[in-house]
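Here the sequence shown is numbered in the numbering used here, starting from 548 and rising by one per residue.
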Amino acid sequence: MSFKPFNPPSRTLMGPGPSDVHPQVLQALGKPTVGHLDPSFIAMMDEVKALLQYAFQTQNPFTIAVSAPGSAGMETCFVNLVEPGEKVIVCRNGVFGERMRQNVERLGGEAVVVDDAWGTPVSVDKVAAALEAHPDAKFLAFVHAETSTGALSDAKALCALARKHDCLSIVDAVTSLGGVELRVDEWGIDAIYSGSQKCLSCVPGIAPVSFSPRAVAKLEARQTPVPSWFLDQTLVMGYWSGTGKRSYHHTAPVNSLYALHEALRLLHEEGLENAWARHANMHQKLKTGLESLGLSFVVDEAHRLPQLNAVYIPQGVDDAEVRGQLLNRFNLEIGAGLGDLAGKAWRIGLMGHAAREENVTLCLGALEEVLS
Ligand code: PLP
């Protein structure tokens with residue numbers, strides 16, 4: 548058997564992630580690999596850390612990039628902070644809140660689930676009631692931007708409630724980081740994780756994570772060892788710490804971290820507020836066009852994510868056929884519905900480098916053609 552080099556098709560990625568990767572990020576990925584303890588690489592890691600602190604709007608010294616996808620970022624937060632028997636209020640308004648619940652239960656924690664309908668944000672009132680009813684809860688966990696539905700929750704209000712009830716907040720910012728307002732320190736977020744492949748427009752496989760000093764204190768006061776060796780942040784700290792000698796923990800994905808450095812550098816160059824505004828503007832253009840095609844949104848306007856546009860599939864339209872035509876005729880990927888929305892909605896992403904005018908024009912033109 549002989550095998551040829553793999554040449555991927557050139558797609559425009561407007562699904563729920565991965566998003567279009569910026570060409571400069573792809574170039575960074577192809578630079579020569581150095582050792583993961585090479586002084587030049589360590590210096591670059593320090594910049595990655597500073598750039599992540601900027602992206603998260605935090606001064607947290609414990610701000611790192613986990614060498615694994617967003618799910619590992621989620622697991623990093625739960626596995627390090629939640630101990631057996633501890634109670635966690637988990638908000639579930641889509642797929643990823645449910646994944647949080649499973650994390651808690653696998654760790655022997657007790658999940659108190661606050662359910663909200665798919666397509667709606669987490670109800671601040673329901674969370675307030677749950678925190679009143681469970682004064683022994685130690686954590687409040689929720690998804691800021693639910694990628695399965697396109698709903699944005701009020702992270703600021705939810706984290707204020709967590710503080711009021713002396714709970715640590717654990718926040719999923721996989722889809723929100725870089726796409727909508729997010730202020731870790733100002734909002735009092737304790738543990739937060741994200742992914743490289745959404746609004747950062749980097750290659751998939753890296754999970755930015757940040758712990759507040761309160762979260763680090765909780766980790767350091769654990770009664771039981773962290774049940775995962777790889778994700779145990781007390782061991783990882785030695786590799787990512789800002790001062791002193793770096794010690795080997797695992798072989799970092801060197802080239803992927805070059806890519807993350809470039810993606811974060813581009814975000815910094817653009818400015819966070821400008822990036823948030825660009826996502827909002829592109830969403831407005833896309834929304835106008837989608838509505839003129841007769842498509843309606845799953846999420847009401849007040850709680851809609853600009854970077855994830857979930858629209859109902861019109862009656863009588865074949866979901867797979869339309870997505871297949873978009874891919875085969877226009878090299879355009881949009882997302883299928885997930886979970887409760889499978890077969891009922893499309894998810895059109897405007898994430899990071901994908902949130903630009905030419906993508907909006909391509910998507911609207913292609914959809915018009917395929918749907919006519
Ligand atoms: N959380 C949210 C909100 C997500 O959208 C995703 C992925 O789409 C994840 C977690 C998991 O990230 P990953 O697929 O990189 O493991």
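Even for Gly, the Cβ is constructed at its ideal location relative to N, Cα and C.
Note to self: Quick check on Tyr795: buried or exposed, where buried means 16 or more other Cβ atoms within 10 Å of its Cβ?
What the structure shows: exposed
Checklist line | Segment contact flag, the stretch 696–713 with the stretch 587–598, C-beta cutoff 8 Å, min 3 pairs | finding: no
Item checked: Asp719 CB to nearest heavy atom of ligand 1 below 7 Å -> yes
Checklist line | Paired residues, beta bridge with Leu715 - DSSP | finding: Phe686
Check: Relative to ligand 1, is the shortest distance from any of its heavy atoms to the C-beta of Glu630 smaller than 7 Å?
Finding: no
Notebook entry, point to check: Between Thr623 and Gly841, what straight-line distance do the alpha-carbon atoms span, to the nearest angstrom?
Noted result: 42 Å
Notebook entry, point to check: What do you reckon, are the CB atoms on Val613 and Val635 nearer than 8 Å?
Noted result: At the C-beta level, Val613 and Val635 stay beyond 8 Å of one another.
Item checked: Strand pairing of Leu914, partner residues [DSSP] -> Looking at the DSSP assignment, Leu914 forms no beta bridge with any residue, so it has no partner.
Notebook entry, point to check: Should Asp853 and Gly726 be called a contact, given that it needs their Cβ atoms to be closer than 8 Å?
Noted result: For the record, residue 853 in the displayed sequence is Pro; it is not Asp. Going by C-beta atoms, Pro853 is nearer than 8 Å to Gly726.
Item checked: Glu679 (DSSP reduced to helix, strand or coil) -> helix
Margin query: Under 8 Å, with one C-beta from each stretch per pair, do the stretch 741–750 and the stretch 550–565 reach the 3-pair mark?
Written below: yes
Item checked: Distance cut-off 7 Å: Met898 Cβ against heavy atoms of ligand 1 -> no
Note to self: Give me, in chain order, the residues of the same chain whose beta-carbon lies closer than 6 Å to that of Ser723; leave out the 5 immediate sequence neighbours on both sides.
What the structure shows: Correct list, in chain order: His691, Ala692, Leu729.
Note to self: Quick check on this structure: which residue in Glu880, Ala615, Ala892 has the alpha carbon closest to the alpha carbon of Asn906?
What the structure shows: Glu880
Check: Since Met829 and Arg903 are thought to touch, with beta carbons under 8 Å apart, how far apart are those beta carbons, to the nearest angstrom?
Finding: The beta carbons of Met829 and Arg903 sit about 7 Å from each other, so the pair counts as a contact at 8 Å.
Notebook entry, point to check: CA-CA distance, Asp732 and Gln574?
Noted result: 33 Å
Note to self: Could you check if Phe643 belongs to the surroundings of ligand 1, using beta carbon to heavy atom distance under 7 Å?
What the structure shows: yes
Next item on the list: Give every residue of the same chain whose Cβ lies closer than 6 Å to the Cβ of Phe844, excluding the five residues on either side of it in the sequence, and list them in chain order.
Entry: Val858
Check: Taking one C-beta from the stretch 626–635 and one from the stretch 807–825 each time, how about it: are there three or more such pairs within less than 8 Å?
Finding: no
Next item on the list: Kindly give me the distance between the Cβ atoms of Val674 and Leu715, rounded to whole angstroms, as I take these residues to be in contact under 8 Å.
Entry: Contact annotation, Val674 with Leu715: C-beta distance approximately 14 Å; criterion of less than 8 Å not satisfied.
Note to self: Quick check on Met561: does DSSP put it in helix, strand or coil?
What the structure shows: Three-state DSSP puts Met561 in a strand.
Check: Rounded to a whole number of angstroms, what is the C-alpha to C-alpha distance between Ala901 and Arg558?
Finding: 11 Å
Check: Out of curiosity, what's the CA-to-CA distance linking Asn856 and Ala867?
Finding: 18 Å
Notebook entry, point to check: Does ligand 1 have a heavy atom nearer than 7 Å to the CB of Ser757?
Noted result: no
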